[in-house]
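Enquirer: Got a structure for you, questions after.
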Amino acid sequence: VVGMVSAAPPRKEANSLGIPMLGVYADLPFLIDAYAVEQVIIALPEAHRNELIALISACRRGRVDIKVYPDMLAYVSGDISVDEVGGTPLVTVRDIALRGWKLSLKRGLDLVGATVGLVLLSPFLLLTALLIRLESPGPVFYTQERMGLDGRPFQMIKFRSMRQDAEKSGAGWTVKND
């Protein structure tokens, strides 16, 4: 180990590990050349994406091996995991699948949001139903089979926007009171 660099200018010559502080991030290209560095290890516990990209870019100019030491807190919290596919290790940094309590929380929020939305929109829905009933005879709602999750069919309920049995006459030009 040749030394370390930090975001801010170092206050002492060595850190608690006894590794010399060589400078700041901006010095990386110069330090890589000056010390003939072959490998750079980036170990930032809470690095921001832009900060990591900047450091990796600085190291690429020096043609060195780049290793990134992962944030161990992220491993513990479940944000990062290591899997193996066909003998190749893969680091998952974002798993969008909801599992466990997160799935239950989302389902609860979906139900609460849908209920609140239905209550808030109910006066408009009632007015729409009344106008459809007054405009033409027949049911207010129209059901249609659709494909849902995993290809399972479900019945979707919609407000009727055409006259009842309009599809029986086939396709045609729009006419008055259609």
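In this note's numbering, the protein residues as written are 10 to 187. Built from N, CA and C at the ideal position, the CB exists for glycine as well. Just so it is clear, the structure is predicted and the values come from calculations on it, not from any experiment.
Whole alpha helix (DSSP H) runs in the segment 92-174 with 4 or more residues, listed along the chain?
Expert: 110-144
Enquirer: Are the CB atoms of Y149 and R155 nearer to each other than 7 Å?
Expert: As a working note, residue 149 is residue 140 in the sequence shown. As a working note, residue 155 is residue 146 in the sequence shown. The sequence shown places Val at residue 149, not Tyr. No, the pair does not count as a contact, with Cβ atoms beyond the cut-off.
Enquirer: Here's the rule I'm using: 16 or more other beta-carbon atoms within 10 Å means buried, otherwise exposed. How should K43 be labelled?
Expert: Translated into positions along the sequence shown, residue 43 becomes position 34. Note that residue 43 corresponds to Ala in the displayed sequence, not to Lys. Label assigned to A43: exposed.
Enquirer: What first and last residue would you give for the alpha helix (DSSP H) that runs through L37?
Expert: What you label residue 37 is simply residue 28 of the sequence shown in a count that begins at 1. Residues L37 to A43.
Enquirer: Please report how far the alpha carbon of M171 lies from the alpha carbon of F163, in whole angstroms.
Expert: Residue numbering aside, residue 171 sits at position 162 when the sequence shown is read from its first letter. Residue numbering aside, residue 163 sits at position 154 when the sequence shown is read from its first letter. M171 and F163: Cα-Cα distance of roughly 22 Å.
Enquirer: What's the C-alpha gap between L120 and L127?
Expert: Here the question's residue 120 lines up with position 111 in the sequence shown. Here the question's residue 127 lines up with position 118 in the sequence shown. Rounded to whole angstroms, L120 to L127 spans 10 Å at the Cα level.
Enquirer: Looking at V14 and G195, is the spacing between their C-beta atoms short of 7 Å?
Expert: The first residue shown for the chain is 10 and the last is 187, placing residue 195 beyond what the model contains.
Enquirer: Starting from the Cα of Y34, find the closest Cα among A45, L158, A123 and I51 and give me that residue.
Expert: Against the sequence shown, residue 34 aligns to sequence position 25. Cα-wise, what sits closest to Y34 is I51.
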